[in-house]
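See structure below.
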Amino acid sequence: MNLKEKNGQEIRIMLDMIGNKDIVLKTNSPWELSISYADRTETSIDIEMAETMECEGDTMYDPFMEIRLALDKNGQVLKAEPLFYQALAPFSDQILYAKGNPDCYDPALYAKEGDLDQRLEAWLHNIRIQGYLSTEAIIRARN
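Under this note's numbering, the letters of the sequence shown match residues 2 to 144, in that order.
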């Protein structure tokens, strides 16, 4: 199983736990995990995930990712393809696009091959460690 497939399976498990809705998950941390569905077709689902925190009237994102989930004919997730990555927090402002992303105006912002997949893998691991998927996490519908 390659990294895109592994990440896809991790996200599938996460989405199975939280259901088919836009939500915000909160633990004892000042950060919240927001998951929303951006676009759906028969062959893919685009989701947006972000860890956010309000600070002095500004919203920090560390990170924010747009992810395309490829689906099989039964609607099951086959793989996760990160399309966009952004971190807007002290000491980590960064924007990266998947190569070929039509929203990218500057090819210098393309991520190196495999970089976004590795960032997603690490983030999914941290989501579990931080307790966002535990039964103690506070869940609310996203406005």
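For every residue, glycine included, the Cβ atom is placed at its ideal position computed from N, Cα and C.
Are the Cβ atoms of residue i and residue j separated by less than 8 Å?
| i | j | result |
| --- | --- | --- |
| E122 | N3 | no |
| A51 | I68 | no |
| L97 | Y86 | yes |
| Y133 | L16 | no |
| L89 | L79 | no |
| D23 | I36 | yes |
| P83 | M61 | no |
| W32 | M54 | yes |
With distances taken Cα to Cα, identify the nearest neighbour of residue i among the options.
| i | options | result |
| --- | --- | --- |
| D118 | L70, L134 and P103 | L70 |
| I140 | D73, N29 and E11 | N29 |
| P64 | Y106, D94, D73 and I12 | D94 |
| R129 | I48, K5, L84 and L34 | L34 |
| G76 | G58, P103, T53 and T42 | T42 |
| G115 | Y38, E57, K100 and S135 | K100 |
| K5 | R120, S135, N127 and Q131 | R120 |
Hey, could you find the ends of the beta strand (DSSP E) residue i is sitting in?
| i | result |
| --- | --- |
| L26 | I24 to K27 |
| E67 | D59 to L72 |
Where DSSP assigns a beta bridge to residue i, which residues make up the other side?
| i | result |
| --- | --- |
| T42 | Paired residues: none, contrary to the question. |
| P83 | I68 |
| I96 | Q87 |
| I48 | Y38 and I68 |
| E122 | Looking at the DSSP assignment, E122 forms no beta bridge with any residue, so it has no partner. |
| I128 | According to DSSP, I128 bridges with nothing at all. |
Just to confirm the assignment, what range does the alpha helix (DSSP H) spanning residue i have?
| i | result |
| --- | --- |
| Q10 | L4 to I19 |
Reducing DSSP to helix, strand and coil, say where residue i ends up.
| i | result |
| --- | --- |
| D107 | coil |
| A112 | coil |
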